[in-house]
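Enquirer: Numbering (my numbering), first residue to last: 873 to 1559.
The beta carbon of each residue, even a glycine, is placed where N, CA and C say it ideally should be.
1. According to DSSP, what are the bridge partners of residue 1429?
2. Please report the straight-line C-alpha distance between residue 1015 and residue 1004, rounded to a whole angstrom.
3. What does the alpha-carbon distance come out to for the pair residue 1010 and residue 1072?
4. Between residue 1116 and the ligand MN, is the CB less than 7 Å from at least one heavy atom?
5. Could you pull out every residue in the same chain whose Cβ sits closer than 7 Å to the Cβ of residue 1093, ignoring the five residues on either side in sequence?
6. Three or more C-beta pairs closer than 8 Å, one from the region 1063 to 1079 and one from the region 1204 to 1213: is that the case here?
7. How many angstroms separate the CA atom of residue 1350 from the CA atom of residue 945?
8. Does DSSP classify residue 1317 as helix, strand or coil?
9. Give the straight-line distance between the Cα atoms of residue 1122 and residue 973, rounded to the nearest whole angstrom.
10. What would DSSP say about residue 1496, mapped onto helix, strand or coil?
11. Quick check on residue 971: does DSSP put it in helix, strand or coil?
12. In this structure, how does DSSP classify residue 1333 when only helix, strand and coil are distinguished?
13. Would residue 1278 and residue 937 qualify as a contact pair, given that the criterion is a beta-carbon distance under 8 Å?
14. Assign residue 1152 to buried or exposed, taking buried as 16 or more other Cβ atoms, counted over all protein chains shown, within 10 Å of its Cβ.
15. Short of 7 Å in beta carbon distance, which residues of its chain neighbour residue 1604, apart from the five on each side in sequence? Order them along the chain.
16. Taking the alpha carbon of residue 1194 as the reference point, which residue from 990, 1466 and 923 has its own alpha carbon closest?
17. Can you tell me the Cα-Cα spacing of residue 880 and residue 981, whole angstroms?
18. Just to confirm my understanding: we take residue 1021, look at its own chain, exclude 5 residues before and 5 after, and list those with CB closer than 8 Å. What are they?
19. So, under 8 Å CB-CB, residue 952 and residue 1137 are touching, yes? Tell me the CB distance rounded to an integer number of Å.
20. DSSP three-state label for residue 1079, please.
21. Quick check on DSSP: helix, strand or coil for residue 1456?
22. Which residue comes first and which comes last in the beta strand (DSSP E) that contains residue 1519?
23. Any idea what DSSP makes of residue 1151, helix, strand or coil?
24. Am I right that residue 1355 and residue 1410 are in contact with their C-beta atoms under 8 Å? What's the rounded C-beta distance?
25. Cβ atoms of residue 994 and residue 1026: under 8 Å apart, would you say?
26. Counting C-beta neighbours from all protein chains within 10 Å, is the total for residue 978 16 or more, i.e. buried, or is it exposed?
27. Which residues in the same chain have their Cβ closer than 6 Å to the Cβ of residue 1018, if we skip the five residues on either side of it in sequence?
28. With DSSP as the reference, label residue 1420 as helix, strand or coil.
29. Hey, out of 1540, 1529 and 1467, whose CA is closest to residue 1509's CA?
30. If you follow the alpha helix (DSSP H) that residue 1373 is part of, which residue opens it and which one closes it?
31. Hey, would you say residue 1128 sits closer than 8 Å to residue 1222, going by beta carbons?
32. If I measure Cβ to Cβ from residue 1304 and keep anything under 6 Å in the same chain, skipping five residues before and after, which residues do I get?
33. Output needed for residue 971: all residues of its chain with C-beta closer than 6 Å, excluding positions within five of it in sequence on either side, in chain order.
34. To which residues does DSSP link residue 1410 through a beta bridge?
35. Please list, in chain order, all residues of the same chain as residue 1463 whose beta carbon is under 6 Å from its beta carbon, the five residues on each side excluded.
36. Are the beta-carbon atoms belonging to residue 1435 and residue 1480 less than 8 Å from one another?
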C-alpha cells in the first residue's frame, strides 16, 4: 500500500498541499495549520521538510513520515494491548495493526496531516494515562509522566480535533487515579505540558480570536440522527468488508470477514465476564480494561454524532475508532485463543486474511492509472504547455492548482481564483504580468470554458485558447483600451421599478442602491441618460447591498434618441466579480460586472436583465461609464491610484481598518475611482 501511494501520479490535492507546506518551511515560512484551515496542525510537514532537505522533494519522500508514524502506531497499540489484556492480546493486536483494513492503511499512509497522528497520539495518551494509574496504585509520584502526558495532550489538540475522545478518556483515567494531586504541583506540571506541547496552537489562537474553536459546534437533532445512521452505514467500510474504491461488498471474503469479526467482538464482550487473560486474578483487570474501551467507544460515538461534521458520513471523521478496533480485535482473538487455539487461529486468521484480501484490492485500485487519471489527470502536459508559452502563473481549481505547483516544484504558481488556501499564491498570480486560466471541465468559480469565454468577450479583450489533454487553457490576454472618465453630474435615469430612485445608482455611495424590487427576472431594466451623445467605451456595475444582487445575465443597448436601440453587448451567464486586473482577468467577491462598449455613440444606455433567480433582487450600488479617449491622468486620479494600491496592500496583510482608511482617502481624491468604491464595499461587508 505504501509503494502504491508513491507512484508519481498518485498525489491528491491535500497530499500535494502537505508537500508544498514542507517546501515553504525550507523557504522560511513556518505554518501552524494546514493551509486554509485553523484546526489541523502542520506538525507532519516539518519532518517532511527535513526529508526534502536531505533527499529532495518528491511524492516518495513525502510518504516517509506517515509510513514511520504508521509503524509507530503498530508498536504503541502492541504496548497498549499488553498493558490492558496481556501478551497474547498484544500479539493479535499487533498482527491486526500491521495487516489492517484497507482504509486504515490507505488513509494512514496518506501525507495529508493529522490522521495517522491522531491514532499515534491517542494511543500514547491512553498508554501514559494507564502508566499514571499504575504509578498511583504503587504510590510512585512519577512527575515526569504528568509532564509527558501534558505535552502529548497539547500536541494532540494542535494536531487534530479528532483526538478529543482520547483526550477526554485519558483525562478521566488520570483524574480518577490521583485527583488530589492534580490540584497541586502535578496539575500545574500537566497544564504546563499542555501549553508547551500545543504552543503554536495557543499562540495562533490568541492572535486570531481563538479561530480554531469556530469549527466546534453541535448538529441539530435531525443531523444527530443522520450522523448516527451514517456511522452505522460506514462500519462495514471502516472494517474492510467493502472495497476501498467502489465501496461494494467484497463477496464471500467480505461475508467471512464480517462473520469472523462478529465472533471476535462476541469473544471480547465475553472476556469482560470470563477474562481475556488466563487466571482468575486477572479477571478484575480485564473487566476494567474492557470498561475503559467501552467508555472510549461511548465518548467517540457521542463526539461524532453530536458534532456538525458527523452527518457527512465521511469515513475520515471516524478514523480515531481504529484504536478501539485493533484493541477489541486483539482482546477478542486472545479470548478465543485461550479457550481453543484452533478456534482462535481459525477466526482470528480469517479476519487477517479478509484484511489482506482488501489490502490487495486496495493496492490494485491505487495502482490503476486509468481510474486515477479519470479523477486526477496528470498535470505533466499542462506544465509542459505553460512552460512552452512562457507562462509561470495560472488560476485553476484546487485539484489542479496544488498538484501543478508541487509537480513543477513551484516553477509554475497556480492558485484558486477566489478561495485560495495559501494567500501568497493568489497574490503572486494576481500580480503576474501574464497569468493563464486553466479548466478541466467545469470550474467551481469560473463555470465552463464556454461561459468564461463569453464573459471575457463581454469585458473586451484578446486572448488565446488551447486544449492539452483534459485541460482547456486561456492565456495571452490583452486588455482593450480603457477610456476617459465620465462624471455623473448631468446624468438622468429611469428603470422598470418606479419605486426605487435610479439616481442612487450613481450617487457615489455604495451603501445606497437602485433595486429591481423583486427577484431577478427577464424584463427588468435600468436606463441612463448621459445628457448628450458620447462615444461609450466601458461600463462597470457594482451591486448594492449584496454581491448576489448582480445580474445573472445582461444585454446592453444604446440609443441616440431613446427610441431606436442597438444591442452592443450581451452575456447570458455572467460571472460577477470577473474584471481586468493589470494585463489579465481576475475574479473576486465584489460582484462587479464589466462591459466593453467599444466606443458606441450613444446618449442613452439601457441595461436589460437576462435570466431569472427566485432568491435575489437585481440591484446596482454604483454604475461607472468611460468614454472613448485617453485615460484619466489627472492629479486626483493619480493620487487615488496610489492610495488604492496602499489600501490593497494593507488588506492583503489583514489590516482591514488601515485598508479602509486608505480607501476613504482614495475616494476623496477622486470620487470616480471605481476600484476604490469596489474595495471599500468589500471591506464594509458588501459581499
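Expert: Per the coordinate set shown:
1. 1439 and 1478
2. 9 Å
3. 36 Å
4. The model on display carries no ligand, and the ligand MN is accordingly not part of it.
5. Below a pLDDT of 50, predicted positions are generally treated as unreliable, and residue 1093, at 49, falls in that range; no measurement from the model is reported.
6. no
7. 56 Å
8. coil
9. 12 Å
10. strand
11. coil
12. strand
13. no
14. Bear in mind that the predicted position of residue 1152 carries a pLDDT of just 45, short of 50, making it too unreliable to give a figure here.
15. The structure shown does not extend to residue 1604, since the chain is modelled only from 873 through 1559, so no value can be given for it.
16. 990
17. For residue 880, the predicted model reports a pLDDT of 46, less than 50, meaning its position is unreliable and no value from the coordinates is stated.
18. 997, 1000, 1001, 1004, 1042, 1046, 1062 and 1065
19. Not quite, the Cβ-Cβ distance comes to about 19 Å (not below 8 Å), so this is no contact.
20. helix
21. strand
22. Run containing residue 1519: none in the beta strand (DSSP E); it sits in the alpha helix (DSSP H), 1507 to 1524.
23. With a pLDDT of only 48 at residue 1151, under the threshold of 50, the placement of this residue in the model should not be trusted; the figure read from the coordinates follows. Residue state, collapsed to three classes: coil.
24. 6 Å
25. no
26. buried
27. 1058, 1061 and 1062
28. helix
29. 1540
30. Per DSSP, residue 1373 belongs to no alpha helix (DSSP H) and is neither H nor E.
31. yes
32. 1265
33. 1224, 1227 and 1228
34. 1468 and 1498
35. 1415, 1419, 1422, 1448 and 1449
36. no
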